[in-house]
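Protein chains in written order, with our numbering: chain X, 1 to 239; chain B, 1 to 452.
All remarks here apply to the structure that follows.
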């Protein structure tokens with residue numbers, strides 16, 4: 001497999017059983033995402049974009065087909081190996097931030113390092129560096145509730161970065177933010193993509209946002225891939 | 001995730017809902033406390049009784065009686081074996097035979113009689129008995145003031161402290177009221193005169209059933225005062241002890257000698273009772289069997305304590321069952337608390353999985369929470385149980401004192417009980433944590449993260 005390919009899905013299906021009805025959340029998607037790409041998954045609510053992201057994240061297992069990342073097929077990995085993949089290869093950001101309210105900013109960012117069994121002495125410095133990168137070095141001891149929405153999402157970004165993953169998966173990261181703070185967060189994601197060469201997969205329903213930041217736009221409907229195109233409007237360095 | 005991190009995260013989670021977790025831990029504490037309190041009282045009572053039995057110094061002794069005698073200890077024993085008329089005499093020859101049984105250190109007749117002892121020209125009546133030199137240093141003489149007999153034939157006497165108090169004219173409420181050192185001080189080295197009836201065969205060939213009785217007096221020196229009761233087996237307790245050899249040489253009239261006067265027999269009297277001292281309590285059983293084979297009845301303190309052991313085992317298991325019930329309720333409390341925590345922390349579990357926690361990490365986390373509650377509950381419970389036991393002990397002692405019984409320590413918390421209580425609390429908590437931990441580990445992160 002080409003090492004320049006970050007993620008490769010082959011005839012990927014994810015069906016749910018809801019009573020007697022079968023929900024075809026992901027319905028035969030074959031897709032390649034190259035390393036360092038900034039891809040937006042677009043579609044209406046229920047189009048299957050979040051389901052696809054969960055499969056790429058190793059949070060969910062496909063009904064059939066494969067999701068390859070590097071030289072491993074996520075569909076064949078054990079639960080333990082999937083946890084390891086989530087720990088080291090991908091970082092995730094969610095619409096609702098998903099920080100742990102009882103922990104301080106620093107502790108939240110340190111948490112993935114605990115699961116990765118990084119030595120205690122190194123954790124503080126690594127978490128602080130990640131927080132510096134998102135511009136929150138001064139808020140280490142605060143609880144998430146004491147921060148604004150934009151700041152909380154930046155903490156979540158720092159947490160996603162702290163294990164230095166190759167791929168950043170963002171599920172509607174600006175959905176709960178106003179346009180100004182949303183822009184700040186998107187700028188930050190683009191910086192990570194450009195300076196750290198992180199592969200970014202962004203799930204959003206806002207075409208305008210995707211056109212502003214992503215280099216490739218993939219449209220989904222009813223679990224199927226509708227179109228896959230390079231962003232013609234993509235203006236490099238319009239920030 | 002490293003164990004240390006699991007414990008740290010567990011501790012912080014426990015602090016997050018401190019009231020609920022404290023109540024759960026309190027539940028375990030109460031369970032452990034009831035277990036510890038009940039068992040420590042059970043063990044304490046058992047120790048008290050065994051100690052009492054042991055301090056009698058009779059654990060290595062077998063009492064031998066003739067089947068011809070009516071004063072058997074055990075009716076059932078009498079119905080087996082030869083009929084009383086066919087069974088052998090318990091005489092000097094029988095004593096020597098008993099002494100030959102392997103494991104028997106010595107066998108000596110149990111001589112005792114009620115007599116008058118004069119001290120400061122005042123008469124005092126009590127039971128007199130013998131004490132062999134081998135009894136020197138036995139548990140029964142713990143706390144004795146003065147010294148043991150200088151020899152087997154010395155004209156010396158050891159008295160029990162209640163008799164010592166009587167000699168001094170002290171009025172006491174009970175044995176615990178007497179300070180042995182205090183009563184011994186004015187008595188040691190003083191003279192006491194024992195009056196006794198000497199039995200003498202009328203002729204030397206020993207074939208006559210007749211004998212004569214002569215009243216005699218023997219001055220003795222008080223050399224020791226015992227704190228305990230060296231002769232507390234059977235109803236007639238001796239309070240004055242002479243060296244066994246000296247007592248044997250006196251040929252003092254025994255109560256049962258009167259039986260001989262109605263029966264034709266030798267001038268050599270039968271013994272009412274022979275005491276066989278055995279080489280350690282472990283030998284008692286086999287020696288008893290051997291003596292029974294010779295046609296005598298036997299009794300040992302071990303026979304009595306065997307029944308007692310069974311009673312204690314039953315009492316202990318009852319206490320254990322009731323204590324365990326409380327602990328079972330506490331376990332259900334742990335399961336409930338942790339299952340509630342999973343429902344409440346559904347989202348948090350989903351987040352942890354999304355950022356790389358494995359099933360094992362979450363299982364360990366919930367295990368650590370259950371274990372921490374169990375450990376804390378065990379420690380507090382043991383402490384609480386000890387306090388409850390103390391309270392019961394103090395309460396019963398107040399009651400004892402009111403009805404005139406001396407206070408006793410009926411509570412024992414040995415180290416193994418403390419360790420076992422904490423260990424059991426930890427283990428049952430971990431077992432209770434199995435189901436919640438497995439449930440947390442199995443939780444689907446996509447489901448957990450789906451809804452706000």
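Here a beta-carbon is modelled for each residue, glycine too, at the ideal position from N, C-alpha and C.
Residue 409 of chain B has a beta carbon lying at 8 angstroms or more from every beta carbon in chain X. Residue-level contact by beta carbon fails for residue 231 of chain X and chain B, as no gap is shorter than 8 angstroms.
Distance from the Cα of residue 219 of chain B is smallest, within the candidate group B/194, B/249, B/313 and B/443, for B/194. Taking C-beta atoms under 8 angstroms as the contact rule, residue 214 of chain X and residue 38 of chain X qualify, at a distance of about 5 angstroms. Spanning the alpha carbons of residue 224 of chain B and residue 157 of chain B requires a straight line of approximately 7 angstroms. When rounded, the separation of the alpha-carbon atoms in residue 405 of chain B and residue 175 of chain B is 10 angstroms. Cβ neighbours of residue 31 of chain B within its own chain (closer than 7 angstroms, five residues either side excluded): 326, 327, 329, 330 and 381. The C-alpha of residue 127 of chain X lies about 21 angstroms from the C-alpha of residue 349 of chain B. Among the CB atoms of chain X, none fall inside 8 angstroms of the CB of residue 18 of chain B. Nearest C-alpha to residue 210 of chain X among X/228, X/151 and X/31: X/228. Residue pairing by DSSP places residue 116 of chain B opposite B/125 and B/195 in a beta bridge. Less than 8 angstroms separates the beta-carbon of residue 203 of chain X from that of residue 172 of chain X.
For residue 205 of chain X, the secondary structure class from DSSP, reduced to helix, strand or coil, is coil. Contact of residue 422 of chain B with chain X is not assigned, every C-beta pair being separated by 8 angstroms or more.
Rounded to the nearest whole angstrom, the CA to CA distance from residue 312 of chain B to residue 399 of chain B is 23 angstroms. Just measuring C-alpha positions, the residue of B/6, B/36 and B/306 sitting nearest residue 389 of chain B is B/36.
By the neighbour-count definition (other C-beta atoms within 10 Å, threshold 16), residue 151 of chain X is a buried residue. Residues of the region 73-85 of chain X with a C-beta atom less than 8 angstroms from some C-beta of chain B are 79, 80, 83 and 84, listed in chain order. Closest in C-alpha terms to residue 4 of chain X, from the list X/98, X/46 and X/32, comes X/32. In this structure, DSSP gives residue 40 of chain X an extended state, which the three-state scheme calls strand. Residue contact with chain B for residue 121 of chain X: absent (no Cβ-Cβ distance below 8 angstroms to any residue of chain B). Taking a beta-carbon distance threshold of 8 angstroms, residue 348 of chain B counts as an interface residue toward chain X. The C-beta of residue 121 of chain B has fewer than 16 other C-beta atoms within 10 Å across all chains shown, which makes the residue exposed. Unbroken beta strand (DSSP E) runs of no fewer than 3 residues, entirely contained in the region 132-201 of chain X, are found at 167-171, following chain order. For residue 108 of chain X, the three-state secondary structure derived from DSSP is helix. Distances from the alpha-carbon of residue 186 of chain B to those of B/192, B/168, B/22 and B/199 put B/168 closest. Segment contact: the region 3-15 of chain B against the region 304-323 of chain B, fewer than three CB-CB distances shorter than 8 angstroms; contact not assigned. When secondary structure is reduced to three states using DSSP, residue 118 of chain X falls in the coil class, being assigned neither helix nor strand.
Non-local C-beta neighbours of residue 111 of chain B in its own chain, meaning closer than 6 angstroms and more than five positions away in sequence, comprise 130 and 247, ordered along the chain.
DSSP places residue 32 of chain X inside the beta strand (DSSP E), whose first and last residues are 21-34.
Interface annotation, residue 92 of chain X: in contact with chain B, CB-CB separation under 8 angstroms. At a Cβ-Cβ threshold of 8 angstroms, residue 47 of chain X and residue 221 of chain X count as neighbours.
Taking the beta carbon of residue 112 of chain X as reference, the chain B residues within 7 angstroms of it are 355 and 356, listed in sequence order. When the alpha-carbon of residue 338 of chain B is set against those of B/319, B/367 and B/318, the nearest one is in B/367. Of the residues B/305, B/307, B/33 and B/274, the one whose Cα lies closest to the Cα of residue 297 of chain B is B/274. Take the alpha-carbon of residue 125 of chain B and the one of residue 307 of chain B: they are about 35 angstroms apart.
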